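> Residue numbers (this note's numbering): 1180 to 1479. For glycine and all other residues, C-beta sits at the position ideal for the given N, C-alpha and C. Bear in mind the structure is a predicted one, so any value in this text is a computation, not a measurement. Pasting a structure here, questions to come.
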């Protein structure tokens, strides 16, 4: 019986020892499992880090940068032409001119003059001159000079497609900004036969449009179209020089003309509200060319 008790105690010690071994063996298994779990988390973190380092920054860096517009301001519109030029083109006009309204004179401006040389029963000579300037900034819609080029082309086309125009002729103008075009045509109005000249010029990111027309009223002779278009070209050249001078020689030192491609159709369709407003201003100015007052004066 004593031996049976000793055997039972020995079996209990063996059983406790086995349990200890099982517990000790379980520790490495838990450590291994923990290590695996830790490695898995590190992999996720690395993957997340890699994801965060996706080429977002490089994509933004590779975005096309738009060159700063060369010209930052415009001259006072009624001062762009010399007294001599005004004396030649609109001799009877108020030399100060009539400045159009603008919500931003650094972006747009225009001035017009009208002249009536009334010779009573011998008739009268009427002249009307308008100089308009529109400056384009570089923004999300494109570089300033590219936007100006698009508007320049639109202005030329508008002059070529005036309703009722006869004998229209288009010719390039040299020595005036980066590019310039003259469009001339005959236009019959109730006051008489008008000779219309429109010269559109672009210098950097600024477009200058000169409208000049003349007519012989109350039986006076119709002015010579060749002489009028030459006068209009000289006025455009002078206005472009005034724009350049207002911005310093060659424009802003820090700005160089962007090498923009020819305007795409989509770019042309994205005309700004500023452009549309300018078209409305130009149309209003053109309509004011009709010498309603001069007609009544010529009757006297």
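#1: Looking at C-alpha atoms only, which residue of 1402, 1267, 1271 and 1286 is the closest neighbour of residue 1425?
#2: Alpha carbon to alpha carbon, what distance is there between residue 1335 and residue 1446?
#3: Buried or exposed, going by whether 16 or more other CB atoms sit within 10 Å of the CB of residue 1378?
#4: Could you pull out every residue in the same chain whose Cβ sits closer than 8 Å to the Cβ of residue 1485, ignoring the five residues on either side in sequence?
#5: Determine the burial state of residue 1343: buried for a count of at least 16 other Cβ atoms within 10 Å of its Cβ, exposed for fewer.
#6: Count the other CB atoms within 10 Å of the CB of residue 1354; is the residue buried (16 or more) or exposed (fewer)?
#7: Under a three-way DSSP split, which group does residue 1278 fall into?
#8: Looking at the secondary structure, which residues open and close the alpha helix (DSSP H) in which residue 1413 lies?
#9: So, using beta-carbon positions, are residue 1356 and residue 1373 closer together than 9 Å?
#10: With 16 other CB atoms within 10 Å as the buried threshold, where does residue 1410 fall?
#11: Quick one: what's residue 1303 bridged to in DSSP?
#12: By Cβ distance below 7 Å, which residues in the same chain neighbour residue 1417 in space, the five residues on each side in sequence not counted?
#13: Could you tell me the distance, in whole angstroms, from the CA atom of residue 1269 to the CA atom of residue 1245?
#14: When you compare each of 1363, 1330, 1386 and 1312 to residue 1403 by their alpha carbons, which one comes out closest?
#15: Is it right to say residue 1350 is buried, meaning 16 or more other beta carbons lie within 10 angstroms of its own, or is it exposed?
On the basis of the coordinates in this document:
#1: 1286
#2: Unreliable positioning characterises residue 1446 in this predicted model, as indicated by a pLDDT of 36, which lies under 50. The coordinate reading is nonetheless provided below. Taking the straight line from one Cα to the other gives about 17 Å.
#3: buried
#4: Within the shown structure, residues of the chain are numbered from 1180 to 1479, placing residue 1485 beyond reach of any answer.
#5: exposed
#6: exposed
#7: strand
#8: 1404-1425
#9: no
#10: buried
#11: 1297 and 1396
#12: 1259, 1260, 1261 and 1264
#13: 42 Å
#14: 1363
#15: exposed
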